[in-house]
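K.L.:
Residue numbers (my numbering): 1 to 141.
Below you can see the structure in the form of structure tokens.
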């Protein structure tokens with residue numbers, strides 16, 4: 001009896017219908033994430049670089065490959081919660097931008113401490129600007 005009264009008086013905020021993470025169709029596939037040290041070294045040594053106020057872009061074209069991404073957030077950006085939020089913002093912005101990017105592009109985004117206060121929209125605008133500046137945007141080929 002006590003449990004039924006609690007369940008009625010306290011509505012559930014979380015349920016199986018409200019997932020804590022995005023659905024599988026919205027997640028970034030593992031194949032699209034750069035992980036190998038050799039990939040990072042190749043991008044750093046043979047790729048290009050563009051810088052902005054909140055982010056730095058290191059990139060390299062890889063013919064015949066799909067677009068891939070890595071987000072690097074240093075401890076200077078804040079505690080773990082803040083760093084993880086910045087990484088989520090970068091991945092989400094990239095997810096929306098990737099269709100307009102040149103094919104076969106590896107991108108490494110390095111955040112600056114100012115990124116912690118920027119927000120998703122600001123980072124997405126800066127990412128678009130840096131991709132255009134690098135000549136990697138779809139209409140700037």
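Note that the Cβ used here is the ideal one computed from N, Cα and C, for glycine as well. In this text the structure is predicted, and so the values were computed from the model without any measurement.
(1) Does the Cβ-Cβ distance between residue 56 and residue 111 come in under 9 Å?
(2) Please classify residue 84 as buried or exposed, where buried requires at least 16 neighbouring CB atoms within 10 angstroms.
(3) Taking DSSP as the reference, what is the three-state secondary structure of residue 111?
(4) When burial is assigned at 16 or more other CB atoms within 10 Å of the CB, is residue 54 buried or exposed?
(5) Among the residues of its own chain, which have a CB less than 6 Å from the CB of residue 62, if the five just before and after it don't count?
(6) Just to confirm my understanding: we take residue 64, look at its own chain, exclude 5 residues before and 5 after, and list those with CB closer than 8 Å. What are they?
(7) Buried or exposed: where does residue 93 fall if 16 or more other Cβ atoms within 10 Å of its Cβ makes it buried?
P.N.:
For this structure:
(1) Yes, the Cβ-Cβ distance between residue 56 and residue 111 is below 9 Å.
(2) exposed
(3) If DSSP states are grouped into helix, strand and coil, residue 111 belongs with the strands.
(4) Counting the other Cβ atoms within 10 Å of the Cβ of residue 54 gives 16 or more, which makes it buried.
(5) 104 and 106
(6) 104
(7) buried
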